Amino acid sequence: MTISSTPEGVSVTPRHLDFDVSADLKTDWHSNDAFRTAFFNALSLQFPEGEQQFIDAVRHYRDRIGDPKLQAEIRGFIGQEGLHGREHRAYNEALKARGYDIDAIDARFHRHVAWVGRLPASRRLAGTCGAEHYTAVLANALLSHPEWMAGATPAMQALWRWHAIEETEHKAVAFDVYRHCIGDERLRRIVFLYVTYNFFKFTFLNTCSLLKADGKLWSLKTWLGGLNFLWGRPGIIRRCLPDFLAYLRKGFHPWQQDNRELLRHQLGALSPGSMRDGVAR
Ligand SMILES: [Fe+2]
Ligand SMILES: [Fe+2]
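Here it is, written out as structure tokens:
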């Protein structure tokens, strides 16, 4: 029985890429701008623990999947998220080396993830689908608008592009597992509201903590620039809003936004010299 809905031409392939971004992370690597840098760094702080939670949530249901295609995609998903966690742990360590008290900043998110870990498996999987929707929409936006990252250092552009490509490849894996094993549309949408609240809350708080350490928390210029980036021009959150909200539609599926062409184009930009195919864990 076919359960996977990942379309033809998309393969969920973990790639071991080596990104040395430690020198970049000592600087305001995005456009020499404190807010943009803090915003992306704030996202990175959530990845290692968040993505491990996604892996655990999907793994719980793995044995119930009879479709060999979806089984292979689950292996790919676990491999990709595992590697993202590894790269973002190194990223976050480099932020520590810059002088940020990352352990203190992470403590509140750590408590949240521990709370999520105690929820019933069905809710954890629904939460994973909701969080994966946020990463998929942001990934699609970053890949569609390379100019939004144009002011970033080349190594950071490459790292975020790699993550965005793989988030796009596996955007329906947790969703297909959920649809087959749980299938409750109401639960999916209610949990998404919690995910939305927490995603914006932790991204905002982390951004504030990093800016505070920079001595820029009360800088009007920093916040006006940041608001413009997120809500004005280019307005990355404003422009993502319709795609974020699409998840609340009955019968929503991640591949209703067919961005295979974008994916194919972006895959060509990954340097083959720095890449070797990974082995899923
Ligand atoms: Fe990821
Ligand atoms: Fe993901």
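Going by the working numbering, the first residue of the sequence shown is number 298, and it counts up by one from there.
Note that beta-carbon positions come from the ideal geometry of N, C-alpha and C, so glycine has one too.
Just so it is clear, the structure is predicted and the values come from calculations on it, not from any experiment.
In angstroms, rounded to a whole number, what distance separates the CA positions of residue i and residue j?
i    : j    : result
P451 : P443 : 12 Å
G376 : I352 : 9 Å
L435 : P417 : 27 Å
T504 : D555 : 32 Å
D398 : A335 : 14 Å
N495 : K366 : 32 Å
A449 : W326 : 6 Å
A320 : N437 : 27 Å
V488 : W552 : 20 Å
R312 : R561 : 15 Å
D360 : Q368 : 9 Å
L342 : L456 : 15 Å
D317 : E378 : 19 Å
G532 : E463 : 24 Å
E558 : E429 : 20 Å
H467 : H460 : 11 Å
W412 : I300 : 30 Å
F406 : A566 : 33 Å
W515 : R386 : 29 Å
Rank the options by C-alpha distance to the C-alpha of residue i and give the top, closest one.
i    : options                   : result
R333 : R530, S319 and L559       : R530
Q526 : S308, W326 and D330       : The amino acid occupying residue 526 in the given sequence is Phe; Gln does not appear at that position. Comparing Cα positions, the closest option is D330.
I371 : D473, L439 and M298       : D473
Y358 : A433, I479 and Q343       : I479
E346 : L517, G382 and P311       : G382
I534 : L439, F499 and H477       : L439
D540 : L564, T432 and E482       : T432
R476 : I362, T310 and A339       : I362
F287 : G396, D511, R421 and T465 : Past the edges of the chain, shown from 298 to 578, lies residue 287, and the structure says nothing about it.
L564 : K513, W445, L517 and T310 : T310
What's the call for residue i, buried or exposed, on a 16-neighbour Cβ count within 10 Å?
i    : result
T324 : exposed
G587 : Residue 587 lies beyond the residue range present for the chain, which begins at 298 and ends at 578; the question has no answer from this structure.
Q350 : buried
M453 : buried
R573 : The predicted model places R573 with a pLDDT of 37, which falls under 50 and marks its position as unreliable; any figure quoted below should be read in that light. So R573 counts as exposed.
G570 : Note on G570: pLDDT 45, under 50, position unreliable in the model; no value is reported.
F501 : exposed
E390 : exposed
S419 : buried
E482 : exposed
When DSSP labels each residue in this structure, what does residue i get in the three-state scheme?
i    : result
R312 : strand
H327 : strand
A449 : strand
R530 : coil
H442 : coil
L514 : coil
I'd like to know if the region 463 to 478 and the region 533 to 545 are in contact, where contact means that at least 3 CB-CB pairs between them fall below 8 Å.
no
Are the region 510 to 527 and the region 410 to 427 in contact at 8 Å, needing three or more beta carbon pairs?
no
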